[in-house]
Amino acid sequence: MSNRQANDWLNNSTGAQFVYTLLFEGMLLGALYGFLKLYNQTFKVIGLKHPRWRDAMYGIIAVPLYYILYFVTVSVVSHFVPGLNVDQHQDIGFNDVHGVVAMLLTFISLVILPPLAEEIMFRGFLYSSFKKALPTALAVIFTSLIFASIHLLEGGSSGPLYIAAIDTFILSLVLIFLREKTGSLWASITLHGIKNGIAFVALFAIHLH
53 MSNRQANDWL NNSTGAQFVY TLLFEGMLLG ALYGFLKLYN QTFKVIGLKH PRWRDAMYGI
113 IAVPLYYILY FVTVSVVSHF VPGLNVDQHQ DIGFNDVHGV VAMLLTFISL VILPPLAEEI
173 MFRGFLYSSF KKALPTALAV IFTSLIFASI HLLEGGSSGP LYIAAIDTFI LSLVLIFLRE
233 KTGSLWASIT LHGIKNGIAF VALFAIHLH
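All residue numbers for the sequence shown refer to this note's numbering, where the first residue is 53 and numbers rise by one.
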């Protein structure tokens, strides 16, 4: 296989994207596990406790709250920043998805893995760390800003994806609210998973031929 063929496979293959996502997020969580182990701590200390049905219910109930806050915020920002591109394309890395297996791998990569890994890292480890050193309000803002800034990069060649940063900042506020309300990450994971699931259906399922 030539270098060009290898690059094409890595960039356009659903299987390659799935493996990359699995390895990256697995290594991230593995490193976090090692860090916690070093201090004789477990994932429970950052909110990954035994799941409860009421946590899932809180996550489901919070879905309309997130969408209302998002649409209101975008309306306000668009009023003061008319140049905001709300339709800018998001580069999610899965550009050629065909067939049941590819759809399943894409679903796992976008709807299952990111909510688990990102909630453990951001609303779990990062927020808990900030909260120990800062007032709660600053911990909320800093966690949400960092989470949002990472999603700026998803604009690809089109430049910073500001609409995604606004989206994920608002989402993070609601996710942290759930973390505080329940004392667990599972409500946040539920909301995050539903949000990504809706995006998955919009991007892939309704475009099946």
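For every residue, glycine included, the Cβ atom is placed at its ideal position computed from N, Cα and C.
For residue i, count neighbouring Cβ atoms within 10 angstroms of its own Cβ and tell me buried if that reaches 16, exposed if not.
i, result
"Thr66", "buried"
"Ala200", "buried"
"Trp238", "buried"
"Phe70", "buried"
"Leu90", "exposed"
"Gly245", "buried"
"Arg175", "buried"
"Ala257", "exposed"
"Ile250", "exposed"
"Ser161", "buried"
"Ser243", "According to the sequence shown, residue 243 is Leu rather than Ser. With 16 or more other Cβ atoms within 10 Å, it is buried."
"Ile112", "exposed"
"Phe132", "exposed"
"Phe221", "buried"
Starting from the C-beta of residue i, find all residues in its chain whose C-beta is less than 7 Å away, skip the five residues before and the five after it, and write them out in chain order.
i, result
"Leu213", "Gln140, Gln142, His203, Leu204, Glu206, Gly207"
"Leu168", "Ile241"
"Tyr110", "Leu230, Lys233, Thr234, Ala239"
"Ser210", "Gln140, His141"
In this structure, does DSSP put residue i in helix, strand or coil?
i, result
"Ile112", "helix"
"Val129", "helix"
"Gly67", "helix"
"Ile144", "coil"
"His150", "coil"
"Lys101", "coil"
"Glu171", "helix"
"Asn248", "helix"
"Gly235", "coil"
"Thr188", "helix"
"Leu223", "helix"
Does the separation of the CB atoms of residue i and residue j fall below 8 Å?
i, j, result
"Leu255", "Phe177", "no"
"Val149", "Met155", "yes"
"Leu190", "Tyr118", "no"
"Ser127", "Leu136", "no"
"Leu100", "Ile198", "no"
"Thr125", "Ile218", "yes"
"Glu39", "Leu157", "The question about residue 39 has no answer here: the residues shown for the chain are numbered 53 through 261."
"Phe159", "Phe252", "yes"
Would you mind giving the Cβ-Cβ distance between residue i and residue j, rounded to the nearest angstrom? I have them listed as a contact below 8 Å.
i, j, result
"Ala114", "Leu230", "6 Å"
For residue i, which residues from the same chain have a beta carbon less than 6 Å from its beta carbon, with the 5 sequence-adjacent residues on both sides left out?
i, result
"Lys247", "none"
"Ile98", "Gly176, Phe177, Ser180"
Excluding the 5 residues preceding and the 5 following residue i in the sequence, name in chain order all residues of the same chain whose CB lies nearer than 8 Å to its CB.
i, result
"Leu225", "Leu121, Val192, Ser196"
"Ala108", "Trp238, Ala239, Thr242"
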